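Chains as they are written, first to last, in our numbering: chain A, 2 to 118; chain B, 20 to 132. Built from N, CA and C at the ideal position, the CB exists for glycine as well. Values in this document were obtained by computation on a predicted structure and should not be read as measured data. So the structure is just underneath, and the comments pick up after that.
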């Protein structure tokens with residue numbers, strides 16, 4: 002069965018430094034997509050970045066990049082130049098083939114990131 | 020501004036009562052979703068709808084019901100059959116079935132009195 006694992010319940014980083022949030026996944030589907038979302042204390046889920054399983058290059062969006070290692074089934078999020086506003090929960094998610102051909106997202110348990118001044 | 024709105028922000032339910040959570044989107048998206056989030060956990064899919072007048076159960080549909088009479092609206096009813104409804108409920112939408120990107124509303128926190 003498809004599964005997302007985030008092994009870091011919490012992470013600390015100094016402001017302006019880079020941080021890597023880990024995500025490993027398990028799927029037998031050759032076609033899949035991986036997502037990262039940010040959830041601040043307000044609760045809203047904010048889409049950050051997407052990586053398709055057939056994409057040749059690692060995805061980047063501003064200060065966010067996805068370190069995609071297909072053979073190791075990992076899709077780590079790298080945040081460069083951390084800011085105080087980056088403090089939040091971060092969720093890794095994977096597109097899962099649902100019955101009837103529809104897709105759904107399955108989520109990991111999340112990592113809480115705290116950025117210190 | 021395009022986006023997804025959810026109301027109310029907080030909702031209190033009495034024992035044996037049905038309550039309805041509102042979700043509206045003006046993104047012209049075909050697909051809409053309801054998720055439940057318990058403290059310290061990720062999201063779990065309750066129901067989803069790919070088109071108007073069609074919806075499918077997710078992983079934890081028991082005790083919940085939905086309707087999709089309009090493209091813009093996907094209300095979720097938490098029935099009295101849901102014995103542990105206290106949670107944070109998030110509504111999302113995506114352009115279509117590809118789920119390349121789901122966009123989320125601000126959420127509704129449901130508490131039982």
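At a Cβ threshold of 8 Å, is residue 19(A) touching chain B?
Locating residue 19(A) in the first chain gives position 18, where the first residue counts as 1. Taking Cβ atoms only, chain B never reaches closer than 8 Å to residue 19(A), which makes this a no.
Straight-line CA distance for residue 39(A) to residue 112(A)?
Here residue 39(A) refers to the residue found at position 38 when the first chain is read from its first residue. Here residue 112(A) refers to the residue found at position 111 when the first chain is read from its first residue. The alpha-carbon atoms of residue 39(A) and residue 112(A) are separated by roughly 10 Å.
With a threshold of 8 Å, are at least 3 pairs of Cβ atoms found where one atom belongs to the segment 24-44 of chain B and the other to the segment 62-76 of chain B?
Contact between the segment 24-44 of chain B and the segment 62-76 of chain B is absent, because fewer than three Cβ pairs lie under 8 Å.
So the candidates are 117(A), 116(A), 115(A) and 108(A); which of them puts its Cα closest to the Cα of residue 3(A)?
Residue 3(A) sits at position 2 when you count from the first residue of the first chain. When only C-alpha atoms are compared, the closest one is 108(A).
Which residues of the segment 56-89 of chain B have a Cβ closer than 9 Å to any Cβ of chain A? Give them in chain order.
Cβ contacts with chain A come from 56, 59, 60, 61, 62, 63, 64, 67, 69, 75, 77 and 78.
In terms of DSSP beta bridges, what is residue 77(A) paired with?
Locating residue 77(A) in the first chain gives position 76, counting from the first residue. Looking at the DSSP assignment, residue 77(A) forms a beta bridge with 68(A).
Is there at least one Cβ from chain B nearer than 8 Å to residue 11(A)'s Cβ?
Taking the first residue of the first chain as position 1, residue 11(A) is located at position 10. Closer than 8 Å: no.
Are residue 24(B) and residue 48(A) closer than 8 Å when you measure CB to CB?
As a working mapping, residue 24(B) is identified with position 5 in the second chain. As a working mapping, residue 48(A) is identified with position 47 in the first chain. No, they are not a contact pair.
Expressed to the nearest angstrom, what Euclidean distance is found between the alpha-carbon atoms of residue 27(B) and residue 20(A)?
Stepping through the second chain from its first residue, residue 27(B) is reached at position 8. Stepping through the first chain from its first residue, residue 20(A) is reached at position 19. So the alpha carbons of these two residues sit roughly 36 Å apart.
Hey, how far is the Cα of residue 110(B) from the Cα of residue 126(B)?
Position 91 of the second chain, counted from the first residue, corresponds to residue 110(B). Position 107 of the second chain, counted from the first residue, corresponds to residue 126(B). Their Cα atoms are separated by approximately 7 Å.
Sort 54(A), 96(A), 23(A) and 87(A) by Cα distance to residue 64(A) and report the nearest one.
Here residue 64(A) corresponds to residue number 63 of the first chain, with the count starting at 1. Checking every option, the nearest Cα to that of residue 64(A) belongs to 87(A).
Quick check on residue 87(A): does DSSP put it in helix, strand or coil?
Counting from one through the first chain, the residue named residue 87(A) turns up at place 86. In the structure shown, residue 87(A) sits in a helix (DSSP, three-state: H, G or I).
Just to check my reading of the structure: residue 7(A) and residue 110(A) have Cβ atoms closer than 8 Å, yes? What is that Cβ distance to the nearest angstrom?
Locating residue 7(A) in the first chain gives position 6, where the first residue counts as 1. Locating residue 110(A) in the first chain gives position 109, where the first residue counts as 1. Sure, about 6 Å apart at Cβ, within 8 Å.
How many whole angstroms separate the CB atoms of residue 66(B) and residue 82(B), which I take to be in contact at a CB cut-off of 8 Å?
Translated into the one-based positions of the second chain, residue 66(B) becomes position 47. Translated into the one-based positions of the second chain, residue 82(B) becomes position 63. Wrong, their Cβ atoms sit about 11 Å apart, outside the cutoff.
Using a Cβ cut-off of 9 Å, which residues of the segment 21-46 of chain A contact any Cβ in chain B, in chain order?
Within the segment 21-46 of chain A, the qualifying residues are 34, 36, 38, 40, 43, 44, 45 and 46.
From the DSSP output, in three-state form, read off residue 132(B) for me.
For this step, residue 132(B) is matched to residue 113 along the second chain. DSSP places residue 132(B) in coil when its eight states are reduced to three.
Would you mind telling me which residues of chain B sit closer than 9 Å to residue 109(A), beta carbon to beta carbon, in chain order?
What you label residue 109(A) is simply residue 108 of the first chain in a count that begins at 1. Ordered by position in chain B, the residues that pass the 9 Å Cβ test against residue 109(A) are 61.
Provide the residue span of the beta strand (DSSP E) that contains residue 14(A), from first to last.
Along the first chain, one-based indexing puts residue 14(A) at 13. From DSSP, the beta strand (DSSP E) with residue 14(A) extends over 11-15.
Pull the bridge partners of residue 43(B) from the DSSP assignment, please.
Residue mapping note: residue 43(B) aligns to position 24 of the second chain, counting from 1. Paired residue(s): 24(B) and 92(B).
Residue range of the beta strand (DSSP E) that residue 79(B) falls in?
Taking the second chain and counting its residues from 1, the one referred to as residue 79(B) is at position 60. That residue, residue 79(B), is in no beta strand (DSSP E); it is neither H nor E in DSSP.
For a contact defined as C-beta to C-beta under 9 Å, what are the partners of residue 92(A) on chain B?
By 1-based counting over the first chain, the position of residue 92(A) is 91. Simply 61 and 62.
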